[in-house]
Each structure stands twice: as structure tokens, then as C-alpha cells.
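Protein chains in written order, with our numbering: chain S, 429 to 840; chain U, 560 to 840.
We put the beta carbon where it would ideally sit given N, CA and C, even for glycine.
One structure below.
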Amino acid sequence: MFYDVAGALRRFYRFFRSAKMTAIIISALLLLFFSGLIIPQKIFFQSKAQYDVWKAGNPILSWIIEALRLNEVYVAPITIFFMSLFFLNLIVVISQRVPLILKKAFIIKSIPLIDAEAVKNDANTKSFIIPEDKAKEALSKIKVFLRKRLWSVIDGDSSNAFLAVKNRYSPIGFLFFHLSFLLCLTGGLLVMYTRFSGELILTEGQEFYADLRAFRKITRDPKIFKALPPVGIFLEKVVPRYERDKATDLTVRMKVRYENDVKDEIIKINEPVTRGAMSIMAQNIGVSPLFVLRADDGKEIAGGYFSLNVFDGEEDSFEFENMPYKLHVRFYPDYEKKNNKEYTLSKDIKNPFIHLTILQEGLVVYENTIGKGQGAKFDSMSVSFEDVRYWQGLKREFAVQDKLNISGQRRI
Amino acid sequence: MGDNFESLLIWGAVYLYAVITILLLTAFIFNKERLLNFVIYLLVPAFILHSTVFFMRWSMTGYFPANGEYENAVAEGWFGILFTVILFLWKKGLRGVGLVTVPATLFFLGYGIMKNPEVLPHGAALKSSWLVIHVMFAQLAYGAYLIASGLGLIYILKDNKVRKKIESTFYNKFPALPVIDETMFRFTVFGFIADAIMIAAGSIWAKDLWGSYWSWDPVEVWSLVSWLIYGLTIHLKVTMGWGGRRLAWILIFAVLGIVITYWGVDIIVRNTQHAFTVSAL
Ligand code: HEM
């Protein structure tokens, strides 16, 4: 006996295009997507070290999770597999339904023959006998009546038989709806292979030229077409507006060079700039204080604008290049001190102060709160807080993605 | 005008919804038809108060009410109650949906009032014409889903009586089981389509705001999951004939997905950039 390969394939195909298969695929996708909400995803860990700590705490679980790549479930092979099945199933189901739908909408005409006997015997029909001379008129009146009520009237083969259908084209809805899925899936695939985007942090007055190395963290890396368009950005001014400490508006002025064409651009939240295949949008903002480190004799040793994450009251730190100090900063945009408590009156930078803690080999060598223009003396040198500017987090997206973070180390 | 007037209106609505909830429960537990007939005289005024707050907010801020917990709460139950009022007036037999929509709305409003009823500054992210489309379709979808689960509940209640062959004049007034079955399915499809539009509008908005249509953010994933649950339900009904009790039970529980999408993610998960509440830049 030969194994009936063709028969088995046919049976498989019949199962594959069945509603059960669709239900199974959707359920599998549901489970996978859902698992991403429960299983810790790699992108939610701040660092590899943090991830390793988690992993050490759950050795067996993490082994299973890693083997199936469930910690990046949305791009895991198993998800891609079920997405592909979904895709195929959709194509098969749609192509199989197209002729049926066209028939149902009477675009491919096949009007059922209406047999007078059958009509008479149907419990749901009523028959009327009309004198022959009135019949034609009655029929056309009925047609007009039905058309007025938005029924589609389709003439049959014999002149006095017709078919009236309500919502004739409604089956087409199914087609469009399901086709739109194919469109979304195709779009998703294209984006996955071509899009490149990243976050860029620029301080007012700073410029940037397309340089892949500058990208600190890449969130979406295209598999192909790895090239940046020739783009340059010069950040001029960032003007946020706050109402009760909530950012209600943001205007970012910049010069953008795209293929040798330099233009002034303004970005707002929800209003990105688009040039060619590239768009730049405004994301978070923060402040970059200017610190200058001087020796006892007043000679400048180091300095620059340091873009820090301190605008929401958090503490952040930075180091001067090749110096053994770590400087911890807290920022007060509109400083006030009452009952020995330091706080800020608002988010508007009206009276900027900085709480500065300087550490050397883990030991505190300086701690105080200083205003703009003031300095801190320690270890036979001084560091002064001379200016503060906004930095702007920009997300840049090319038809080919990323998160880039440049700390403001530029010497002025 | 001002805060006092608005809080008077909203508290009026809350009290009325509370009384209606008690009346509906009593009507259904003790099979009192007359109580059910009376509910409409409270539901309409409650809905008018609720709507006044809803539209007042909209016109005051110029944006669809979606800024912070309170405005979201006011918008959440609105479509559900709108559908309920329509059913009360048009299809008397389906009044039972109030059993789900009214307590749900009461709960939403109660939660919102306890949070931050004052008018909040509109964050820059919300200033987009996509807000009204995105959020309105979300609320529309959830209104329809709520009705579907309400219909699911009265399907089960009536079916229990039919199965036990209990003759009840109270339940006899409900439409025949196949009618309830069909109606709950229609609301499901309606919700599903509105849900799809909500997700599509959200994605288009996300492209301009966050840089990509889809970034597997927890709110996005939960929306997709709950949308897929409804999609699966529709497929089960259409292609495999899962109607009746099965469909009713699915619809009653599917609402949980929505509840989690709405509150679970904000309250439990937290690491979402999609803040329904107040967000910084
Ligand atoms: C259950 C599903 C969802 C509901 C109920 C919902 C509802 C809302 C609401 C009420 C807002 C206003 C935000 C606020 O009050 O602060 C909003 C904003 C937004 N939604 Fe959704 N949404 C849902 C799913 C989605 C999905 C799937 C996407 C995108 C793919 C999306 C994209 C956005 C964007 C871009 C904003 C504006 C950004 C922001 O406020 O930070 N939403 N949504």
C-alpha cells in the first residue's frame, strides 16, 4: 500500500483553511501576546546586570523562557511562526471566499430559479393572484417601492421575475475588513525590515551629524538597508510651557540639514518634522547645566553642558573626563528655601539652583546648594555652575530605528 | 457655573444611578415588573445630568473628556447608558441590560470623583485631533461591549427559567431567546468594529507622537488581546455556531479584558507610556 500523500495533503489543506484553524491560530497568538504581559520582557530591564539578577533568581523558569525566547515574545520565532500561519490562513480563507462573496452580493449573477410550486408550499410566503393585465404594473410598483427602501432589485432571466436584496453589498465588508489585515501585516513586515529610529538628546546650541556610532541604544534595528540618511540637526531653542507643573506646550526650534538642503524647522508635540524618509519628533525634555572645573589659579581644566535627568526632581550624576570626581546633582528650577526645606516653586527656570554633592573615591568632599553663577570649592579646585539650558530628547525615525543618547560633553 | 454646579450635577447622577441599581436588583430578584417600569423615570433624569457634565467638560476644555481619571470616568459609562436608555424606550424586553450598565457606570463615576474632579491642564500630548476619534471610539466600543454582556446576563437568566420549565410572567416579557442571542451578537460586532477603529486611530496618533505605529506597549497589547478575544468570539459564532449560553457566558467574561486594559495596566503594570491619567512630556 502506498501512503496517500495527495490525500493527506488535501485533508491538511482542508483543515488549514477551516474556521477551526483560524480559531486555533488566534488563540495561540492571544496566549503569546498575553504571556508578554506576564513574563518579564527584556526591554523592561534597565540593564543587562538587572536582567542577570532576575535570571539568577529564577534559574529553571528563565531557562525555559530563554529557550523559547518568551522574554522578547513579540519578536520570538514562535510568535513569528504563528503570525505567518495567520497570514497564510488569511490568504487562503480570503481567496476561497472571494467567489462566494461576489455571488452573495450578486456581482457574479446567479439568481435562484423561483418555482411557483415551491413558493406556494413555503409556509413563509404569501401568494397573490393579480389579473394578467395588471401584473406588469404591479411588479414595477413593487420594484419602485423596494428601491425607495434601499433594497437592490436585480432582474431575473425572465422578465417578470426579480430578486430584491437588502444590504446587497454587505458581504463586501467582510472582504475589505480581512484584506485590511493583510495590509497591516505587510506593512508591519516592511517596517520591521526597513525602519530605523532612535532617541537623540541634544542641548540647546548643540549639533549632530548622522553617525551610527553616536547612537547609544538602538531600539529598532533594521535587518537590511542599514544606512543613515545624510542628516544634520542644530538645536537652537527649546520653549516648554507649564501649567500647574504640567507640560502643556512645547516648541523646539532647529535647523535641519537633509541632503545639503538646510531649513529652519519647528517641532511640537504631535507635530513632527518630516523630510524625505525621515521624521524627527520631540520627546522628553530636561536640563543641561554648564559646569566649569578650574584649578586654584583660575585656569580652566574641564567643562561643558551635561544633559542630566534631574528636571522632575530626580538625582543624576556626571563625571569630568579624566578626573577622579563624581558629581551628584539635584535641580531646582525656581528655588525657594523655607524652614530649612529646599523646594521649587514651579517648573519655569526662573531662579535655578543646584544641590551638588561631589564624591572622590566614594567619599563626600563637597555638599551644598548653589545658584547660577556660584561655585563650589573643594580639593584645591573649584567647580562653578554657570548656565543652564534645556536639552531636548528627539526621536528620529528613518525608513530604515534607535535610541541615541548623547550626553552633553561638548566643550563650549 | 463652575465646580459647585458641576459637582451638584455629577453627584445627582451618582445618587440616581445608585437608586436605580437597587431598584433593578430588587426587580430582578423579586421578579417585580412594576419596579422595572418605574426605572425609566429615574434613568432619563440621571442620564441628562450625566450628559450635561459630559458636554460641559467637552465645551469647557475644547477636547473630548479624556484628561485624567475623572473625565475618563464621565465618558466611560456614557455610551453604555445611552444604549440602555434607547433599549428602555424601544425594546422594553431588553431593559435587563441596565443590570450591567448602571452599576458599572456607578462604579466608574465613583472612582473618578474620588480622584481629581477639577479641570486639569491639558498635557501637550493630548492636543491632537486624534484624541476625539481615538477615545470616542474606545468609549463607544466599551459601551457596546457592556451592553453585550448585559444581554448575555439576561440571556442566561431567561434560559435558566426556560430550562427548569418555570413559567414566569416576568421573564415572559423578555424577547425570545434567539432574539436576545442575535441582539447580543450584533452589539458585539458593533463594539468590535468601533474597537478596531479605536486601535487604528491610536496607532496613527502614536506614529506622530511616539514615532512608531505599534511598540508593544502594555496598553497596546492589552487592547489587542481584548480585541482578539472579541474577534475570536465572533468567529466562533459565525463559523462554528457558538450561540446561546456559550456566547452569553463568553460575553459576560470578555468584559474583564476591557477592565484590565483600562485600569489594570494603569494601576498595576505602570511601565506604559500610554497614561490615561496625567502625564508629563
Ligand atoms: C483599551 C484601549 C485603549 C483605550 C481605552 C484608550 C484610551 C485613551 C485615552 C482615554 C487617551 C487619553 C489619554 C489621557 O487621558 O491621558 C488615550 C491617549 C492615547 N492613546 Fe489610547 N487607548 C487605548 C488603546 C490605545 C492603543 C492600542 C494605541 C496605539 C496603538 C493608543 C494610542 C494612544 C495615544 C498615542 C494617545 C495619546 C498619548 C498620551 O496621552 O500619552 N491607545 N487613549
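Note to self: With the cut-off set at 9 Å, would you say L607 of chain S and F514 of chain S are in Cβ contact?
What the structure shows: Note that the C-beta distance between L607 of chain S and F514 of chain S is not below 9 Å.
Next item on the list: Would you mind giving the Cβ-Cβ distance between W773 of chain U and E779 of chain U, rounded to the nearest angstrom? I have them listed as a contact below 8 Å.
Entry: 6 Å
Item checked: Buried or exposed by the 16-neighbour rule on C-beta atoms within 10 Å, applied to Y818 of chain S -> buried
Note to self: Threshold first: 3 residues or longer. Then list the beta strand (DSSP E) segments lying entirely within the region 441-525 of chain S, N to C.
What the structure shows: none
Check: For the beta strand (DSSP E) that contains M709 of chain S, what are its first and last residues?
Finding: M706 to A723
Notebook entry, point to check: T676 of chain S touches chain U at which residues, Cβ-Cβ below 7 Å?
Noted result: P680, H681, G682 and A683
Margin query: Taking 6 Å as the limit between beta carbons, can you name the residues of its chain near Q788 of chain S, skipping five residues before and five after?
Written below: P752 and Y753
Check: CB-CB under 6 Å to S782 of chain U, same chain, minus the five flanking residues each way: which ones, in chain order?
Finding: I758 and T820
Check: Would you say M536 of chain U faces chain S, with C-beta separation under 9 Å as the test?
Finding: Given a span of 560 to 840 for chain U in the structure shown, any question on residue 536 of chain U remains unanswerable.
Next item on the list: Flag N698 of chain S as yes if its beta-carbon sits less than 9 Å from any beta-carbon of chain U, otherwise no.
Entry: yes
Check: Could you give the residue range of the beta strand (DSSP E) that holds Y730 of chain U?
Finding: No beta strand (DSSP E) contains Y730 of chain U, which is instead part of the alpha helix (DSSP H) from T728 to N731.
Item checked: Under 7 Å from the C-beta of S455 of chain S: neighbouring residues of chain U -> L791
Notebook entry, point to check: Are any of the Cβ atoms in chain C nearer than 9 Å to that of I788 of chain U?
Noted result: Looking at the structure shown, chain C is missing, and the protein chains on hand are S and U.
Check: What residues of chain S sit near P777 of chain U, judged by a beta carbon separation below 8 Å?
Finding: L465
Item checked: Amino acids of chain S, ordered along the chain, whose beta-carbon sits closer than 8 Å to that of W781 of chain U -> Going along chain S in sequence order, the residues near W781 of chain U (Cβ under 8 Å) are L465.
Notebook entry, point to check: Just to check, is the beta-carbon of S608 of chain S closer than 8 Å to a non-hydrogen atom of the ligand ADP?
Noted result: This structure lacks the ligand ADP; its bound ligands are the ligand HEM.
Notebook entry, point to check: Three-state secondary structure (DSSP) at P780 of chain S?
Noted result: For P780 of chain S, the secondary structure class from DSSP, reduced to helix, strand or coil, is coil.
Check: Which term fits Y637 of chain S, buried or exposed, when burial requires 16 or more other beta carbons within 10 angstroms of its beta carbon?
Finding: exposed
Next item on the list: Determine which residues of the region 430-455 of chain S have a Cβ less than 9 Å from any Cβ of chain U, and write them out in chain order.
Entry: Result list: S446, A447, K448, T450, A451, I454 and S455.
Next item on the list: Express the C-alpha separation of L653 of chain U and T742 of chain U in angstroms, rounding to a whole number.
Entry: 9 Å
Checklist line | DSSP state of D776 of chain U mapped onto helix, strand, coil | finding: coil
Margin query: So that I know if they touch, is there some Cβ in chain S lying closer than 9 Å to that of L806 of chain U?
Written below: no
Item checked: Of the listed residues S:V757, S:I777 and S:H756, nearest to E764 of chain S (C-alpha basis) -> Across the set S:V757, S:I777 and S:H756, the C-alpha of S:I777 shows the shortest separation from the C-alpha of E764 of chain S.
Item checked: Residues within the region 569-601 of chain S neighbouring chain U, beta-carbon criterion of under 8 Å -> Among the residues of the region 569-601 of chain S, none has a Cβ less than 8 Å away from any Cβ of chain U.
Notebook entry, point to check: Helix or strand or just coil, what does DSSP make of L679 of chain U?
Noted result: coil
Notebook entry, point to check: Would a check of beta-carbon distances place E632 of chain S closer than 9 Å to chain U?
Noted result: no
Margin query: Could you give the first and the last residue of the continuous beta strand (DSSP E) run that contains P668 of chain S?
Written below: V659 to E671
Next item on the list: Determine the direct distance from the alpha carbon of I713 of chain S to that of D724 of chain S, and round the result to whole angstroms.
Entry: 35 Å
Note to self: Measuring CB atoms only, is the region 802-820 of chain U touching the region 729-747 of chain U, in the sense that at least three cross pairs come out at less than 8 Å?
What the structure shows: The answer is yes - the region 729-747 of chain U touches the region 802-820 of chain U, with three or more Cβ pairs under 8 Å.
Margin query: Could you pull the DSSP bridge partners for M809 of chain S from this structure?
Written below: S:A723 and S:F806
Item checked: Cross-chain neighbours of L736 of chain S in chain U, by beta carbon under 7 Å -> Using a Cβ-Cβ cut-off of 7 Å, L736 of chain S is close to nothing in chain U; its nearest Cβ partner there is about 16 Å away.
Margin query: I need the straight-line Cα distance from G711 of chain U to N563 of chain U, nearest angstrom please.
Written below: 39 Å
Check: Between S:F662, S:Y597, S:L489 and S:L618, which lies nearest to I629 of chain S when the distance is taken from Cα to Cα?
Finding: S:F662
Check: Hey, is K683 of chain S's beta-carbon within less than 9 Å of any beta-carbon in chain U?
Finding: no
Next item on the list: Please look up how many angstroms separate the CB atoms of L755 of chain S and L784 of chain S, rounded, as I've assumed it's under 8 Å.
Entry: 6 Å
Next item on the list: Going by CA-CA distance only, name the one from S:A710, S:D815 and S:D583 that's closest to G821 of chain S.
Entry: S:A710
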